[in-house]
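I have placed the structure first, in the form of C-alpha cells, so that the comments after it can refer back to it.
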Amino acid sequence: MLGMSFRQVPRCESGSSMAFTRILLGRLKKVLCGWGGSWLLPCTAWAAGAKADRMVFVADTRAYSGWQAWFANLYNESHFYFTLLTITLIPPIAVFLGALTDKILAALGVDLRKRTVGEH
Amino acid sequence: MEFLYLHMPISGVTIFWPGLVILGFGVGIAGGFFGMGGGWMVTPGLNILGFPMAFAIGTDISHMAGKSLMATIAHSRYGNVDYRLGVVMILGTVAGFEVGAQMIMWLERIGQVDFIVRVAYLGLLALIAWVVFWDVAHKRRADREAKLMQKTHPVGSAGIQWHKALHRLRIPPMVTFPRAGIRCSLWVPVLVSFFTGWLAGMLGIGGGLIRMPALVYLVGVPTHVAVGTDLFEVVISGLYGAATYTYKGRTELVAAIVMMLGAAVGAQIGTAATKYVHGYGIRTAFGYSVVGCAVSVAMKLVAGLVPAWSKVLDRAATILILVLVAGLATAILYMFVKGVREERRMRLAVTK
Chain A
5 MLGMSFRQVP RCESGSSMAF TRILLGRLKK VLCGWGGSWL LPCTAWAAGA
55 KADRMVFVAD TRAYSGWQAW FANLYNESHF YFTLLTITLI PPIAVFLGAL
105 TDKILAALGV DLRKRTVGEH
Chain B
322 MEFLYLHMPI SGVTIFWPGL VILGFGVGIA GGFFGMGGGW MVTPGLNILG
372 FPMAFAIGTD ISHMAGKSLM ATIAHSRYGN VDYRLGVVMI LGTVAGFEVG
422 AQMIMWLERI GQVDFIVRVA YLGLLALIAW VVFWDVAHKR RADREAKLMQ
472 KTHPVGSAGI QWHKALHRLR IPPMVTFPRA GIRCSLWVPV LVSFFTGWLA
522 GMLGIGGGLI RMPALVYLVG VPTHVAVGTD LFEVVISGLY GAATYTYKGR
572 TELVAAIVMM LGAAVGAQIG TAATKYVHGY GIRTAFGYSV VGCAVSVAMK
622 LVAGLVPAWS KVLDRAATIL ILVLVAGLAT AILYMFVKGV REERRMRLAV
672 TK
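Order-wise, the sequence lines are chains A and B. Each residue of the first sequence is one higher than the last, beginning at 5 in this note's numbering. Each residue of the second sequence is one higher than the last, beginning at 322 in this note's numbering.
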C-alpha cells in the first residue's frame, strides 16, 4: 500500500518505537508526495499559490519550554508533520466544541432538532 | 491584565486573545447563517488585532474548516444538508478551483493582474447583489399582487427561476437529490460548481459567497438546504486549504483553536437562527452582506489607484468590514433571541 509492506520497512538501529514511527511517516510522506498522491495532497497542491513559497518562516524556540517548545520545534523540523497535526486536531476539536455548545443551547431551551419555516 | 494576552508560538507575537474569540463568534454567526466561510471578514479582523498577515489566511482557513464542521453538523439535524449534492459539487469545485488558481498564476507571469482581478471581483459582487435584490423585489411584487386580488398566499411564488431552464437539460445521468428536492442532470451541479470553483480560484477567495447564490439560482436548491450544503463544501475545501497553507508554514494553529472557541457558539447560534427565518429573509440579509463586501473591495481598489488616500481607504475598508460583521451578527442574534422567545411562548401555550 505504501510502496512496501510493513515487514520491509527498515528497522532503525536503536529499534525504538519512536524512530520506527519516524521512518514509517517518512515513507508515508514520500508516497503521498509522489505521483500517487499528487492530486490530493498539500505537497503538490497548488491552492496556496506560488507566492507562499517565496518566504521561509522559522519559529524562535529559544524562549520556550514544555508544549510550546515541542510545538515550535515540530513546526521548524517538518511542516509535513505540523500539517498532519493541524488537520488531525481541527475536526475533533470542532466536534467537541460543537457538542458542548449544543448541550448549553439545549439546556437554555432552544430546540435543535427540527425546522418548520420554509422558503416563503 | 497580562492574562488577556496570549503568546503565539509560531509567529512569536502576543495577541489579545478575547479579540480572537469575539472575531470567531461574529464570523461564526454570519457563517452559520449564510453558509459561507467568511474569509473576507476574518482577515481584516486579524490584521486589526496585530496578527502577522503572512499567517492570516492559513489561520483563517484552519479555523473556518472547524467552524463549518460544527455548523454542518447542526444544519444536518434540521435536514439542511444534501450530502449527495455536496459530494458531487466538491468534484467540480476542486477541479474548477485549481484551474482558476493555475490560470491566475499564468496571468501573473504575463503581467500585473491584481487590478483586473479586483475589478472582476467587484463586478461579480455587484451582479450577485443585483440578482438577490431583484429576486426579492420580484417575490414581494408577486405577493402584493396576489394579496390585492385577495388570493391566498401564493405558495411557491418566486422571483428568479433560472434553474428551471437548466433542469430542462436531459443529458444523462439524471440524478435525484432528495434533501434538496430536485431531479436534474448530474452535469448541472458539476458544471455550476466547476464554474463557481473556477471563479473562486481566479479571485483567490473561498467561494462561499458565490456558491450559495449559485446553488439557489442555478441549481434550484431551497435557501436553507443551500446554506447547509455549502457549509459542507466549506468543511472539505477548508481542510484542503488548511493543509496547503500549513504545509507552506502559514498557519498559527493556537490562534485558530482560540478562534474556534468563539466560533463554536457563533456557528450554533447562526445555524439555529435559520430555523426562525424564511428563505427569502436569509437571501435579503445575504444581499446586504454582499453589498458591504463590494463597498470594501471598491475602497481597496480606489486605494490602489490613489496612493495619497491608500492608508485612509485601507483602514476605512477594514473598519467597514468589522462594522458589517458586528452589525450582521447583532441582527442575526436578535432574530435568534426573538425566535427562541416565540418558540417558548408557543410551547407554554400548548402545555397550558
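We put the CB at the ideal spot given by N, CA and C, even for glycine.
Requested in this report: Give the DSSP-derived three-state secondary structure of G41 (chain A) in the structure shown.
Outcome: With a pLDDT of 47 at G41 (chain A), under the threshold of 50, the modelled position of that residue is not reliable, and no figure is offered here.
Query - CA-to-CA distance, A606 (chain B) to A441 (chain B), given in whole angstroms - result: 23 Å
Report task. For H328 (chain B), name the three-state secondary structure that DSSP assigns. Result -> strand
**Report entry** Strand pairing of R504 (chain B), partner residues [DSSP]
**Finding:** B:T497
Query raised in the report: So what's T517 (chain B) in DSSP terms, helix, strand or just coil?
Result: helix
Query raised in the report: If we cut at 9 Å on Cβ distances, does W50 (chain A) have a partner in chain B?
Result: Summary for W50 (chain A): the model assigns pLDDT 46, below 50, so the residue's position carries little reliability, and this model does not support an answer.
Report task. Pull up the distance between the alpha-carbon of V513 (chain B) and that of L536 (chain B), whole angstroms please. Result -> 8 Å
Query raised in the report: Which residue comes first and which comes last in the beta strand (DSSP E) that contains T335 (chain B)?
Result: 335–337
Query raised in the report: Between the region 541–560 of chain B and the region 500–511 of chain B, are three or more C-beta pairs nearer than 8 Å?
Result: yes
Report task. For the alpha helix (DSSP H) containing I531 (chain B), list its first residue and its last residue. Result -> 529–535
Query raised in the report: Are the C-beta atoms of A63 (chain A) and some chain B residue less than 9 Å apart?
Result: yes
Query raised in the report: The alpha helix (DSSP H) spanning S77 (chain A) covers which residue range?
Result: In the sequence as displayed, the identity of residue 77 (chain A) is Asn instead of Ser. Note, N77 (chain A): alpha helix (DSSP H), 70–81.
Report task. Kindly say whether R665 (chain B), judged by its beta-carbon, lies nearer than 9 Å to any beta-carbon of chain A. Result -> yes
Report task. Report buried or exposed for D106 (chain A), applying the criterion of at least 16 other Cβ atoms within 10 angstroms of its Cβ. Result -> buried
Query raised in the report: Nearest to T380 (chain B) by alpha carbon, out of B:Y609, B:G559, B:T639?
Result: B:G559
Query raised in the report: Would a check of beta-carbon distances place A111 (chain A) closer than 9 Å to chain B?
Result: no
Query - Whole-angstrom C-beta distance between V334 (chain B) and P373 (chain B), which should lie under 8 Å - result: 6 Å
Query raised in the report: Taking any Cβ of chain B, which residues in the region 64–80 of chain A have a Cβ under 7 Å from it, in chain order?
Result: D64, Y68, Q72, F75, A76, Y79
Report task. Spell out whether any CB of chain A is found under 9 Å from the CB atom of R439 (chain B). Result -> no
Requested in this report: Please check if any C-beta of chain A sits within less than 9 Å of the C-beta of A619 (chain B).
Outcome: no
**Report entry** Assigned exposure category for L469 (chain B) - 16 Cβ within 10 Å defines buried
**Finding:** exposed
Query raised in the report: So is I27 (chain A) in contact with chain B if we call contact Cβ pairs under 9 Å?
Result: no
**Report entry** Close beta carbons around G660 (chain B), own chain, < 6 Å, minus the five adjacent residues each side
**Finding:** Y597
Query raised in the report: Which residues in the same chain have their Cβ closer than 7 Å to the Cβ of G400 (chain B), if we skip the five residues on either side of it in sequence?
Result: R500
Report task. Show which residues of chain B have a CB atom less than 7 Å away from the CB atom of T105 (chain A). Result -> A585, V586, Q589
Query raised in the report: Ordered along the chain, which non-local residues of its own chain (more than five positions away) have a Cβ less than 7 Å from that of G352 (chain B)?
Result: G358, G359, K388, S389, A392, A588, G591
Query raised in the report: What are the start and end residues of each continuous alpha helix (DSSP H) run of 4 or more residues lying completely inside the region 385–446 of chain B, in chain order?
Result: 404–431
**Report entry** Cross-chain neighbours of T87 (chain A) in chain B, by beta carbon under 7 Å
**Finding:** A564, T567, Y568
Query raised in the report: Which residues in chain B sit within 7 Å of T90 (chain A), going by Cβ to Cβ distance?
Result: S383, A563, T567, T572, L574
Query raised in the report: Any Cβ of chain A within less than 9 Å of the Cβ of R398 (chain B)?
Result: yes
Query raised in the report: What are the start and end residues of each continuous alpha helix (DSSP H) run of 4 or more residues lying completely inside the region 545–632 of chain B, in chain order?
Result: 574–594, 600–626
Query raised in the report: What's the C-alpha gap between G570 (chain B) and M329 (chain B)?
Result: 14 Å
Query raised in the report: What does V331 (chain B) reach in chain A if we use C-beta pairs closer than 7 Å?
Result: Note on identity: in this sequence residue 331 (chain B) is Ile, with Val being the wrong assignment. Within 7 Å Cβ-Cβ: A63, A76, Y79.
Requested in this report: Let me know if D456 (chain B) comes out buried or exposed under the rule of 16 or more other beta-carbons within 10 Å of its beta-carbon.
Outcome: buried
**Report entry** Of the listed residues B:A585, B:E554, B:W361, nearest to A176 (chain A) (C-alpha basis)
**Finding:** Not covered by the structure: residue 176 (chain A). The range shown for chain A is 5 to 124.
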